[in-house]
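One structure is given here, and the rest of the page talks about it.
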Amino acid sequence: MTPLELKIINVLPKDSRKLLEIGRQTFYDAFGPPHNTHENIDYYLNQSFTLEKITSEILNPESKFFFTLYKDEIIGYFKLNTGKAQTELIKGESIEIERIYVIKEYQGKGIGQQLLDTIILIAKHQKKDFIWLGVWDENTDAIRFYERNGFKTFDKHSFMLGTDKQTDIMMKLVL
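Read in order, the letters of the sequence shown correspond to residues 2 to 176 in this note's numbering.
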């Protein structure tokens, strides 16, 4: 498969609305019904994907959002956290992939791999010891993807989706 020519750009505060739209869309597509109830998804989106919350996250110096563009169209994004912005404080110099999403029309085209390769380069450039993330234990495709890329399971943590307590597998890639 020939990789698509992608452009990765920093998300700026002026991009909050665009990020909010693609964030809500991709999260719903990935985890909405039949995987989870409308009520739990709506509750989560209304808590975690508000303009105020997204803008605050963009302004956090220890969080960085990046848009993925193909032919000048935003087709995905990812969010990286360092320091205290990480959702779990883990020993060592690490970077967390908190979010990595591609709109469904572009899935299965190798874009996720290109984004992960970019994230690995960013982490190495920042001299991080490892990259880590949490992935829903029922998202077996994502778990296999990360395992193929050398990630190993090292722990678990809970993730509340509305009223549903779910388990995320924590995985890391030592650089």
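Where a beta carbon is used, it is the ideal one built from N, C-alpha and C, also for glycine. These figures come from a predicted structure and were not determined experimentally.
Query raised in the report: Which two residues bound the contiguous beta strand (DSSP E) that contains Lys173?
Result: Asp165 to Val175
Requested in this report: Leaving out five residues on either side along the sequence, give the residues of the same chain with a beta carbon under 7 Å from the beta carbon of Val136.
Outcome: Ala143, Ile144, Tyr147, Asp169, Ile170 and Met172
Report task. Have a look at Ser159 and Glu53 and give me their C-alpha separation to the nearest angstrom. Result -> 25 Å
Requested in this report: State the Cα-Cα distance for the pair Asp156 and Asp138, rounded to the nearest angstrom.
Outcome: 11 Å
Requested in this report: Would you kindly work out how many angstroms separate the C-alpha atoms of Phe131 and Glu94, rounded to a whole number?
Outcome: 7 Å
**Report entry** Three-way DSSP call (helix, strand, coil) for Asp130 in this model
**Finding:** coil
**Report entry** Separation of Pro4 from Gln48, as counted between CA atoms
**Finding:** 36 Å
**Report entry** Chain-order list of residues whose beta-carbon lies under 7 Å from that of Glu58 (same chain, five-residue window excluded)
**Finding:** Ser64
Query raised in the report: Quick one: is Thr141 buried, meaning 16 or more other Cβ sit within 10 Å of its Cβ, or exposed?
Result: exposed
Requested in this report: Examine the Cβ distances between the region 32-52 and the region 121-129 and report whether three or more of them are shorter than 8 Å.
Outcome: no
Query - Proximity of Thr83 and Ile76 at Cβ, strictly below 7 Å - result: no
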